[in-house]
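A short worksheet on the structure shown next.
Residue numbers (our numbering): 127 to 188.
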């Protein structure tokens, strides 16, 4: 359930996440407990790219 609240928050304040331009241009992430939510956004849309557990190899999965 916390993930749903986090996604709602990110949809309202997308720049609140960590900028990941060093991994993928335009990507952001936010952490919820032991998971990372990866997303990108425009002025009209929030796109959830992937949700990964913190133990996973993030660079190879994005």
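Ideal Cβ positions, reconstructed from N, Cα and C, are used throughout, including at glycine.
Of the choices 145, 128, 181 and 131, whose alpha-carbon is the least far from that of residue 167? 145
Rounded to the nearest angstrom, what separates residue 157 and residue 176 at their Cα positions? 12 Å
Is residue 166 helix, strand or coil when you go by DSSP? strand
Proximity of residue 160 and residue 180 at Cβ, strictly below 8 Å: yes
Which value, in whole angstroms, describes the spacing of the CA atoms of residue 182 and residue 169? 30 Å
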